[in-house]
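Trainee:
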Amino acid sequence: MAALAPASEAELAEAVRSARGPLVVEGGGTRAGGRAAEGERLSTAGLTGVALYEPGALTLVVRAGTPLAEVEAVLAAEGQMLPFEPWDARPLTGANGVPTIGGAVAVNASGPRRIAAGACRDLMIGVRFVDGTGAIVRNGGRVMKNVTGLDLVKLMAGSRGTLGVLTEVAFKVLPKPEATATLLIEGLDPETAGRAMRAAMATPCNVTGAAHLPGATARTLLRLEGFETSVAHRARVLAAALAAFGAGTIVEGPGDWAALRDAAMFGGREGAVWRVSVKPGDGPRLGARLGDAEVAYDWAGGLVWALAPEDLDVRVAMAGIPGHATLVRASAAAHARWGTLHPEPAPVAALSAGLRARFDPAGVLGAARMAA
Amino acid sequence: MQMPEPDPAVIARKPEIVRRLRAAVAAADAVIDDPAELRAYECDALTAYRCPPLAVVLPSSTAEVAAVLRLCHAEGVPVVPRGAGTSLAGGSLPTADAVLLGIARMSAVLETDYENRVIRVQAGLTNLKVTGAVEERDFFYAPDPSSQLACAIAGNIGMNSGGAHCLKYGVTTNNLLGVTMVLMDGTVIELGGAHLDAPGYDLLGLVCGSEGQLGVVTEATLRIIRRPEGARPVLFGFSTSEVAGACVSDIIRAGLLPVAIEFMDRPCIRACEAFAHAGYPDVEALLIVEVEGSEGEIADQLARIVAIAERHAPEVIRESRSAAESALIWKGRKSAFGAMGQIADYICLDGTIPVSELPFVLRRIGELTAGYGLGVANVFHAGDGNMHPLILYDANKPGDLGKAESLGFDILRLCVEVGGCLTGEHGVGVEKRDLMDVQYDPADLEAQLRVKDAFDPKWLLNPAKVFPLATSASRRAA
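So the sequence lines, in the order shown, correspond to chains C and W. The letter at position 166 of the first sequence is residue 166 when you use this note's numbering, and the numbering goes up by one with no holes. Basically this note's numbering = 1-based index in the second sequence + 372.
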């Protein structure tokens with residue numbers, strides 16, 4: 001069946017109002033990751049375009065169905081960028097859709113720069129959405145400091161379309177760095193690499209990426225961005241500060257950060273892919289427990305990517321380690337068995353369910369996507 | 373300011389409620405019910421509105437907060453949470469039938485974790501003491517509201533407080549990683565922690581800035597940041613605010629990200645100079661632009677910024693030459709409110725506007741102010757468009773306060789008209805409650821009310837704040 005593809009926010013609101021059963025809201029369809037969803041498809045592909053862009057105010061307002069690549073091109077033309085470095089799920093999922101900005105927001109997709117510039121949710125300053133009753137709701141706006149009323153902007157980030165269908169999002173953007181360099185240290189075990197990454201984050205060098213790829217040729221990567229002279233200076237300072245962990249090499253240019261951001265190393269390979277957020281110091285500890293999995297560390301150890309056998313429950317391995325694990329790519333059976341999202345403690349789950357019931361009383365927005 | 377009629381049944385039960393409160397907390401002096409002593413809690417920093425609460429309770433632990441809320445929930449007693457009472461928006465203004473729950477006795481640092489760059493504190497700790505707890509290791513907590521010496525983290529979370537340096541480091545919500553919070557029914561929940569982001573809905577993001585509507589935060593995990601090697605401000609004096617505004621936009625477009633860009637107009641400059649002797653030039657518009665980094669990085673950024681400013685023909689360019697001079701420059705800026713207070717009574721506004729609208733808005737504020745026959749001084753965070761016009765009036769002159777309030781409403785409407793908002797960092801409280809309709813349509817407000825319903829179905833927490841009374845009437849009556 002062809003998807004509903006409203007061409008305007010008003011049409012989208014009408015489509016939600018007149019829905020007879022559950023809708024499956026789609027952006028580019030790249031992040032489904034194996035989950036089957038039943039219902040009538042509702043695409044945001046018709047809601048595209050930049051509504052407002054003021055480079056001098058670091059402000060971008062864009063319709064939710066706009067392809068991510070288009071958003072990034074518009075910003076790049078003015079020497080700016082989305083600071084949160086949204087990851088592209090295609091290398092992992094093998095999907096051939098076109099990632100949209102709304103899709104990135106719906107899963108709060110944040111890449112390596114999250115530790116320095118914040119998550120997608122931190123850079124969002126306004127939203128428009130259609131709730132489950134078909135009402136059009138605005139929250140926040142187009143200014144970067146705004147505490148007027150409750151912050152539904154944050155609530156929409158990562159809500160996977162279950163509280164409302166995003167139609168428009170406003171962002172704070174940042175200047176694109178003039179230069180990038182990576183300090184590469186080879187041969188560290190995960191535990192030592194974890195200490196090196198945490199030490200790097202405790203320097204004043206403003207490290208904007210801290211990752212570790214274990215293996216026979218283990219690589220620890222520390223990224224610096226900014227004006228050219230400043231990057232060169234900080235690379236020297238950082239290398240000196242981390243000298244105890246081994247002689248590093250300074251590699252100029254963008255490096256492998258895009259592939260790392262997308263966990264491309266696990267693309268096309270058998271197994272379930274998990275994304276686990278923990279305290280940085282707990283990352284290597286967790287990795288050591290996941291003996292049957294292949295892991296990679298980002299966010300100075302605070303983000304553990306794991307390629308695990310489908311019958312391994314990563315959440316069980318987290319016992320005693322606070323954090324949460326999301327199943328990013330797996331068979332429908334594994335999604336059903338483990339649940340896509342980390343279960344919330346009962347009183348928090350009750351609040352979440354209460355919000356869902358109030359924003360989508362008839363259950364047309366695919367409530368199951370948020371249920372653990 | 374209209375407040376809801378206090379519930380006479382609650383007031384009649386005061387002795388019983390006080391007796392139960394005393395049983396819920398251990399310290400003998402933790403419950404205040406003497407009318408004279410209650411006067412100390414009748415208002416916060418928005419002193420124009422006052423009302424002593426039914427009673428005050430000052431718990432010492434999360435368990436005591438839970439016990440207090442549980443009993444108030446059972447008794448149907450409204451609760452007004454209070455941090456340090458520094459709200460400029462009346463965020464902790466009591467009602468006569470409410471228990472005021474003060475968090476000030478919970479001010480311990482619980483855990484300092486430099487490895488993971490977080491600190492866990494009780495929410496009654498003051499903002500500056502968070503930095504104080506980590507500065508020996510050259511770390512700091514970034515949000516820096518002007519009241520940071522006195523204001524509590526609990527209130528910072530309630531209002532999602534900002535400060536002068538949030539252009540680079542963000543506001544409270546960007547530096548808050550987790551909370552322990554007590555719901556109105558006494559349930560204790562944990563949101564977030566030392567790890568990043570939420571497993572499901574971002575309830576932490578929802579709680580930050582919720583003005584005590586959703587729960588009482590008792591503990592917080594905060595991001596701490598390594599201090600840069602150095603920082604240095606430069607002052608630019610311009611002949612018009614239009615030119616200063618254009619200069620700000622050009623600096624940002626050039627890919628520079630100063631840690632702060634502050635603006636002051638002549639009335640404000642003169643008041644601050646008389647108060648703090650900061651060495652400010654006597655010009656129409658002053659920008660304080662601060663950059664951070666190593667000595668070389670500071671010199672490089674300042675050279676770029678000065679080159680941009682020179683294209684706008686500034687009357688004055690003055691780089692700070694010493695740490696003492698830098699401190700003095702910031703002392704002047706941070707004492708702006710106090711300095712104006714010595715000259716006149718004032719109302720401090722907090723609207724935010726798109727930076728591009730700065731010249732237009734400043735001109736319109738001037739026209740509106742002249743129309744009312746009042747004075748105004750402007751000081752604001754220019755990099756992010758968060759304005760703080762100070763409307764000057766004479767409290768002893770009959771009718772002057774009313775005129776000042778009307779002017780304030782007009783200016784905030786103007787902020788919304790140009791694409792901005794009513795409040796950038798102070799919060800809505802009672803002060804801007806009745807203007808919420810200006811910014812939000814009924815459907816927009818309804819969505820916010822539904823969030824409140826989910827957290828506080830009986831609508832007992834922090835009554836009569838944030839939402840227009842008419843909008844919330846049916847829910848409060850239910």
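Built from N, CA and C at the ideal position, the CB exists for glycine as well.
What does the alpha-carbon distance come out to for the pair W:G745 and W:L832?
Mentor: If I take the Cα positions, the gap works out to 42 angstroms.
Trainee: Can you give me the C-alpha to C-alpha distance between C:A372 and C:W299, rounded to a whole angstrom?
Mentor: Per-residue confidence for C:A372 stands at a pLDDT of 48, beneath the threshold of 50, marking its modelled position as unreliable; no derived number is given.
Trainee: Just to confirm the assignment: which complete beta strand (DSSP E) runs, minimum length 3, are found wholly within the segment 219–246 of chain C?
Mentor: The segment 219–246 of chain C contains these whole beta strand (DSSP E) runs: 219–226.
Trainee: So which residues on chain C does W:N758 lean against when the C-beta distance must stay under 7 angstroms?
Mentor: Correct list: K145.
Trainee: Do C:L183 and C:L238 count as a contact pair if the criterion is CB distance below 8 angstroms?
Mentor: Going by C-beta atoms, C:L238 is nearer than 8 angstroms to C:L183.
Trainee: State buried or exposed for W:N371, treating a residue as buried only when at least 16 other CB atoms are found within 10 Å of its CB.
Mentor: What the structure shows of chain W is the stretch from 373 to 850, and residue 371 of chain W is not part of that stretch, so it cannot be assessed.
Trainee: In its own chain, which residues sit with a C-beta less than 6 angstroms from the C-beta of W:C799, not counting the 5 before and 5 after it?
Mentor: Just to set this straight, residue 799 of chain W is Gly in the shown sequence, not Cys. Counting only Cβ-Cβ distances below 6 angstroms, and skipping sequence neighbours, we find A461, G463, M531 and E583.
Trainee: May I have the straight-line CA-CA distance separating W:C720 from C:E310, to the nearest angstrom?
Mentor: Each residue's alpha carbon lies about 59 angstroms from the other.
Trainee: Enumerate in chain order the residues of its own chain whose CB-to-CB distance from W:R411 is below 7 angstroms, with the five nearest sequence positions on each side excluded.
Mentor: Closer than 7 angstroms at the Cβ level, and outside the excluded window around W:R411, lie P424.
Trainee: Would W:I597 be called buried (16 or more neighbouring beta carbons within 10 Å of its own) or exposed?
Mentor: Its Cβ being crowded by 16 or more others within 10 Å, W:I597 is buried.
Trainee: Could I get the ranges of all uninterrupted beta strand (DSSP E) runs contained in the segment 48–116 of chain C, with 3 residues as the minimum, in chain order?
Mentor: The segment 48–116 of chain C contains these whole beta strand (DSSP E) runs: 50–54 and 59–63.
Trainee: Find the nearest neighbour of C:L123 within the set C:G134, C:F129 and C:A157, judged by alpha-carbon distance.
Mentor: C:L123 has its Cα closest to that of C:A157, out of C:G134, C:F129 and C:A157.
Trainee: Quick check on this structure: which residue in W:E662, W:Y413 and W:Q585 has the alpha carbon closest to the alpha carbon of W:K824?
Mentor: W:K824 has its Cα closest to that of W:Q585, out of W:E662, W:Y413 and W:Q585.
Trainee: At 7 angstroms on the CB atoms, spell out the chain C contacts of W:D816, in chain order.
Mentor: Here the neighbours are V137, R138 and N139.
Trainee: Buried or exposed for C:A10, please, with buried defined as at least 16 other CB atoms from any protein chain shown within 10 angstroms of its CB.
Mentor: By the 10 Å Cβ count, C:A10 comes out exposed.
Trainee: For the 8 angstroms Cβ check, are there 3 or more pairs between the segment 196–208 of chain C and the segment 219–236 of chain C?
Mentor: As far as the Cβ criterion goes, the segment 196–208 of chain C touches the segment 219–236 of chain C, which means the pair count is three or higher.
Trainee: Taking the Cβ atom as the reference point for each residue, do C:I101 and C:V153 lie within a distance shorter than 8 angstroms?
Mentor: No, Cβ-Cβ distance for C:I101 and C:V153 is not below 8 angstroms.
Trainee: Is DSSP giving C:F359 helix, strand or coil here?
Mentor: DSSP places C:F359 in helix when its eight states are reduced to three.
Trainee: Whole angstroms are fine: how far does the CA of C:L365 sit from the CA of C:T376?
Mentor: Look at the range of chain C in this structure, 1 to 372, and you will see that residue 376 of chain C is not part of it.
Trainee: Using alpha carbons as the reference points, say which of W:D406, W:C415, W:V397 and W:A417 lies closest to W:A435.
Mentor: Comparing Cα positions, the closest option is W:V397.
Trainee: From the DSSP output, read off the bridge partner residues of C:W305.
Mentor: According to DSSP, C:W305 bridges with C:R275 and C:A296.
Trainee: When the Cβ atoms of the segment 646–665 of chain W are set against those of the segment 612–629 of chain W, are three or more pairs found closer than 8 angstroms?
Mentor: The answer is yes - the segment 612–629 of chain W touches the segment 646–665 of chain W, with three or more Cβ pairs under 8 angstroms.
Trainee: Listing by chain order, which chain C residues have their CB less than 7 angstroms from the CB of W:F827?
Mentor: The answer, in chain order, is L351.
Trainee: With a 10 Å radius around its C-beta and 16 neighbouring C-beta atoms as the bar for buried, classify W:A776 as buried or exposed.
Mentor: Burial call: buried.
Trainee: Under the three-state reduction of DSSP, which class applies to W:Q820: helix, strand or coil?
Mentor: Correct three-state label for W:Q820: helix.
Trainee: Select from the segment 598–620 of chain W all residues with a C-beta closer than 7 angstroms to any C-beta belonging to chain C, and list them in chain order.
Mentor: Listed by position, the residues of the segment 598–620 of chain W near chain C (Cβ gap below 7 angstroms) are R598, R599, P600 and E601.
Trainee: Report yes if the C-beta distance between C:A263 and C:L82 is below 8 angstroms; otherwise report no.
Mentor: Against a cut-off of 8 angstroms, the Cβ pair of C:L82 and C:A263 comes out as no contact.
Trainee: Does any CB atom of chain B fall closer than 8 angstroms to the CB of W:N750?
Mentor: In summary, chain B is missing from the structure at hand, where the protein chains are C and W.
Trainee: How many angstroms separate the CA atom of C:T59 from the CA atom of W:N546?
Mentor: Approximately 17 angstroms between the Cα atoms of the pair.
Trainee: Mind checking who W:P605 pairs with in its DSSP beta bridge?
Mentor: Per DSSP, W:E662.
Trainee: Mind checking if W:L794 is an interface residue toward chain C, Cβ cutoff 8 angstroms exclusive?
Mentor: Closer than 8 angstroms to some Cβ of chain C, the Cβ of W:L794 qualifies, so yes.
Trainee: Could you check what DSSP says for C:N146 in three-state terms: helix, strand or coil?
Mentor: Looking at C:N146 - three-state DSSP - the assignment turns out to be coil, as it is neither helix nor strand.
Trainee: Below 8 angstroms on the Cβ atoms is my contact criterion, and I expect W:L601 with C:P204 to pass it. Report the Cβ-Cβ distance as a whole number of Å.
Mentor: Before going on, a small fix: residue 601 of chain W reads as Glu here, not Leu. The pair is a contact, with the Cβ atoms about 5 angstroms apart (cut-off 8 angstroms).
Trainee: W:P466 by DSSP, collapsed to three states: which one?
Mentor: DSSP places W:P466 in coil when its eight states are reduced to three.
Trainee: So the beta strand (DSSP E) C:S43 belongs to, where does it begin and stop?
Mentor: Segment E40 to S43, the beta strand (DSSP E) holding C:S43.
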